[in-house]
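Reviewing the structure listed below.
Number of protein chains: 2
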Amino acid sequence: MADVYRLGGSLGVPRGELHHDIRTRFLHRFRQLSGLPLEDMGVVVLQGGSGFPLYNSDNEMLFRQEAYFQYLFGVNDLEGWYGAFDIRTGRAFLFMPRLPASYAVWMGHILRLEEAKAKYGVDEVRYVDELSAVLAELAPPCLHTLDGGINSDSGLPMPAVSFDGIEQFTVEAQSLHPALTECRVFKTPGELAVMQYACSVASAAHVAVMQGVKPGMFEFQAESLYLHNMYSQGCRGSHYTPIFASGSNAAILHYGHAGAPNGRQMQAGELLLVDAGAEYYRYAADITTTFPVGGTFTPDQALIYKAVLAASRAVIAAMKPGVRWPDMHLLAERTILAALQAAGLLAGDLEAMLEARLGAVFMPHGLGHFLGLDTHDVGGYQPGGPERPQGAGISRLRTARVLEAGMVITVEPGCYFTRVLLEPAFVDPLLGRFLVEERLRQFLDFGGVRIEDDVLVTADGAQTMCDVPRTVEDLEAVMGGAPWPPPKGVPI
Amino acid sequence: MADVYRLGGSLGVPRGELHHDIRTRFLHRFRQLSGLPLEDMGVVVLQGGSGFPLYNSDNEMLFRQEAYFQYLFGVNDLEGWYGAFDIRTGRAFLFMPRLPASYAVWMGHILRLEEAKAKYGVDEVRYVDELSAVLAELAPPCLHTLDGGINSDSGLPMPAVSFDGIEQFTVEAQSLHPALTECRVFKTPGELAVMQYACSVASAAHVAVMQGVKPGMFEFQAESLYLHNMYSQGCRGSHYTPIFASGSNAAILHYGHAGAPNGRQMQAGELLLVDAGAEYYRYAADITTTFPVGGTFTPDQALIYKAVLAASRAVIAAMKPGVRWPDMHLLAERTILAALQAAGLLAGDLEAMLEARLGAVFMPHGLGHFLGLDTHDVGGYQPGGPERPQGAGISRLRTARVLEAGMVITVEPGCYFTRVLLEPAFVDPLLGRFLVEERLRQFLDFGGVRIEDDVLVTADGAQTMCDVPRTVEDLEAVMGGAPWPPPKGVPI
Ligand SMILES: [Mn+2]
Ligand SMILES: [Mn+2]
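Here the protein sequences come in this chain order: D and S.
Positions 41 to 532 (the numbering used here) are the ones given, in order, by the first sequence.
Positions 41 to 532 (the numbering used here) are the ones given, in order, by the second sequence.
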């Protein structure tokens, strides 16, 4: 009976089924992982998000739901809600704010309880001011909350749940965060359909930029074209500020922020690195393409591009359940270093380069990260799981886990030429011996290449969810006006 | 020596001059308004903004500077800064975070102190970790801060300034907030140039939507077209979520939020209300246009549109220094009610309607608000200034001040048909006697019309900063493909 979320002609998301499926999985996982005896299991209570005022003004940025809350309850659109899930019975409750009649004048229709129940497909909907009374009726031994659970990317804790009357309950905040986080690592079929839609929209928008970019345009104008293509397909935002980095800017990993706002005028002969995602129903895509502003790769550009593409394809081919993610990072490094060596930019023994962590001079970031409701999705470092690897570059990995089916992870090898890293390396006795300085100095303004796919680990391998031209030949053809995807059976 | 801010081919903002001018005005205003004896005047200390993480994840939304900080110091782009301004000498100091070398790899070039000084045109730049030592050298009797100053739109206080060593200073938080807020009400020529640019970009984007909208499009697709036009001209964002409200949605004043996300498919025969601004160098435009999706007004639509336009033009014609803003609100109400009366939707005595606050049934919001670094800009209710008026609708006014030259305020009369307000009014003995119920019931799905200009109060009048077609004739011509602005000397 729950409704279907969509924006315009975009993918319909059967909200009730999607989150019922998630809650069912969570129930099993929690009972399995929490280590709690049955009589100590109670009711999960989550607090939804409440808006983002711009400092102390009354201007609010577009609301996005808190991720764990949306995950369990499917409320992606409204502020100030609470949710409860009874571990003993599997019953899901939502609690909505009691709004004044004037709300309708400013914000639109006020949901009735029955409408909200039908919309989100939970077992019962009540008002927030009834939360403690409803919980008291359930008489749980404790409330399970996310209080203080640490996000392993940001280091920030989850805030404590707060509501009138909470003091009459025992709050247990140890078991929920690891269990719910672990659930989020493995996507359900319903989640994968949403993520595939976001990836498809983002892919098409990347192609639109390839076909629309021209020398003389400013980076932000290409970004604007991207966003227009993305939003026209129902993806209202992106979790992160798009990176449109031309020329040497491509070596700035998080270019595009307010202090470096995609403001450069692009020139023929340069590469443009586009790291831009899409958000649909709060789920993220995160795709990077790199291509020549003028439509044709120079030999040096093709060299570096092919090195990174080889790394990307090698990793995706090697990924399958049982594979350690740090090994994939090292495989990417090895592939890129070997290509630089073959091209005469590096000299010496490949194993010794890897040992010296030379890879981090050219790829100072981790190979990839989990993807889901957040761009850098949760679950990378879990209690009892593999710890963060040591060593330059690889220590940046946002997870060190062994791959399992159902994980979605980005594969984003890159090769950059950064003065900040190369100049010290030239004079470093450990690293400098591998560097063909004269040749590398010709690349100091090159910028860099990154190729990023969103990859699903399957039962016996892995598959990208992105559909963008990747080879030098395909990129040049598409930039020259060839359609993408290519007509079936007709190689371009 | 300070740099010029611009994005692409957009307006160059001479940052150093702009904020030097502001600080000079502030100095006079503070000395005049604070009521402090000279020997009690010290150093203003402001804390810049620090990013907006999406909950506890490491995804950050695009940074916007805290408005008071940008106002005084011109740092619109970088996080974690402090500023100090010595009231006794007029010397301005900036304090920037000391960043690790790895920052350059992720975020780009790290400013040196001298570069930052040249960029922002202040007297001295130091590191944040030197802030308390530099302040101690200045030996001020106190630090003037904004701590706890209340935003009169949101009711939210300014957070307290915090830095290592603050405890060694006397903090005085009474005089700065009213004085700096009062300064922000009156725009400098430099600020007006920036605001005019934002208004011009927003105006052109409104025109692009008029020419691009078609029956069958979804509201958000028109929004996407708007944003693309806006951003292509260097306005990266808007302070508020655009409202693209077709049909009856136009009566929902803050439509477009996450819970009502511009998701409706527009039909021929309906009006589309577009309330969409633009942000440039943190300054806001805020424009509303209303026009028929199919390009032609029906007689009923033209009737309501002309009523609102008459109110808009009457107000702008009447505005000048010395005029009370609540009187302009009443003038708008009177104009609209008179038009509804003339059309047979209302019956009875106009003065009695005004007395009964009937205007608020059709225009439940205030006539307009100050505009500047915030969309609902500060200074509407100052200590000792006019208090909030009583009465339905008019109590929503975000200021009740007397107009003065240099103020920028929106003029946004509207006329809406809202079941939530009309149904109770039909049965209200005070209001119902004026309502021609049979006729008004034909308008229950009409939606509404709003016309919003950004208006500068001049020495002897007022002028709009917007340039969009406003008459029924001009709108129909532009939607039919006529150019805007019309070629000079050739009436369309
Ligand atoms: Mn990524
Ligand atoms: Mn407004």
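Ideal Cβ positions, reconstructed from N, Cα and C, are used throughout, including at glycine.
Test item: CB-CB of residue i and residue j under 9 Å
i: residue 288 (chain D); j: residue 333 (chain D); result: no
i: residue 198 (chain S); j: residue 101 (chain D); result: no
i: residue 326 (chain D); j: residue 450 (chain D); result: yes
i: residue 145 (chain D); j: residue 185 (chain D); result: no
i: residue 104 (chain S); j: residue 298 (chain D); result: yes
i: residue 47 (chain S); j: residue 260 (chain D); result: yes
i: residue 405 (chain D); j: residue 431 (chain D); result: no
i: residue 183 (chain S); j: residue 122 (chain S); result: no
i: residue 500 (chain S); j: residue 360 (chain S); result: yes
i: residue 364 (chain S); j: residue 460 (chain S); result: no
i: residue 8 (chain D); j: residue 382 (chain D); result: A query on residue 8 (chain D) cannot be resolved here, the shown segment of chain D reaching from 41 to 532 and no further.
i: residue 125 (chain S); j: residue 203 (chain S); result: no
Interface partners of residue i on chain S, CB under 9 Å
i: residue 89 (chain D); result: 95
Exposure label - residue i; buried when at least 16 CB within 10 Å
i: residue 419 (chain D); result: buried
i: residue 41 (chain S); result: Here the model assigns residue 41 (chain S) a pLDDT of 47, short of 50, so the residue's position is not dependable, and the following value carries that caveat. Residue 41 (chain S) is exposed by the Cβ-count criterion.
i: residue 279 (chain D); result: buried
i: residue 408 (chain S); result: buried
i: residue 318 (chain S); result: buried
i: residue 400 (chain D); result: buried
i: residue 520 (chain S); result: exposed
i: residue 216 (chain S); result: buried
i: residue 304 (chain D); result: buried
i: residue 379 (chain D); result: buried
Nearest-angstrom Cα separation, counted from residue j out to residue i
i: residue 376 (chain S); j: residue 518 (chain S); result: 25 Å
i: residue 162 (chain S); j: residue 55 (chain S); result: 10 Å
i: residue 140 (chain D); j: residue 44 (chain D); result: 27 Å
i: residue 331 (chain D); j: residue 452 (chain D); result: 15 Å
i: residue 36 (chain D); j: residue 179 (chain S); result: Given a span of 41 to 532 for chain D in the structure shown, any question on residue 36 (chain D) remains unanswerable.
i: residue 385 (chain D); j: residue 514 (chain D); result: 26 Å
i: residue 269 (chain S); j: residue 91 (chain S); result: 27 Å
i: residue 205 (chain D); j: residue 133 (chain D); result: 17 Å
i: residue 114 (chain D); j: residue 231 (chain D); result: 11 Å
i: residue 271 (chain D); j: residue 474 (chain D); result: 46 Å
Per-residue contacts from residue i into chain D (C-beta, under 7 Å)
i: residue 261 (chain S); result: 48, 272
i: residue 303 (chain S); result: 47, 48
i: residue 293 (chain S); result: 145, 146
i: residue 217 (chain S); result: Simply none; closest approach about 11 Å.
Contact with chain D by residue i, beta-carbon distance below 9 Å
i: residue 416 (chain S); result: yes
i: residue 374 (chain S); result: no
i: residue 56 (chain S); result: no
i: residue 100 (chain S); result: yes
i: residue 207 (chain S); result: no
i: residue 487 (chain S); result: no
i: residue 184 (chain S); result: no
i: residue 255 (chain S); result: no
i: residue 160 (chain S); result: no
i: residue 357 (chain S); result: no
i: residue 389 (chain S); result: no
CB contact below 9 Å: residue i versus chain S
i: residue 103 (chain D); result: yes
i: residue 147 (chain D); result: yes
i: residue 41 (chain D); result: The predicted position of residue 41 (chain D) is uncertain, since its pLDDT is 47 and thus under 50; no value can be drawn from it.
i: residue 452 (chain D); result: no
i: residue 106 (chain D); result: yes
i: residue 70 (chain D); result: no
i: residue 268 (chain D); result: yes
i: residue 457 (chain D); result: no
Amino acids of chain D, ordered along the chain, whose beta-carbon sits closer than 8 Å to that of residue i
i: residue 241 (chain S); result: Per Cβ cutoff of 8 Å: no residues; residue 241 (chain S) is ~12 Å from chain D at best.
i: residue 276 (chain S); result: 260, 301
i: residue 423 (chain S); result: In chain order: nothing, as chain D lies at least about 17 Å away.
Contacts that residue i makes with chain S (C-beta to C-beta distance below 7 Å)
i: residue 460 (chain D); result: 141, 144, 145
i: residue 281 (chain D); result: 102
Per-residue contacts from residue i into chain D (C-beta, under 9 Å)
i: residue 155 (chain S); result: What residue 155 (chain S) touches in chain D: nothing, since even the nearest Cβ is about 13 Å away.
i: residue 197 (chain S); result: 96
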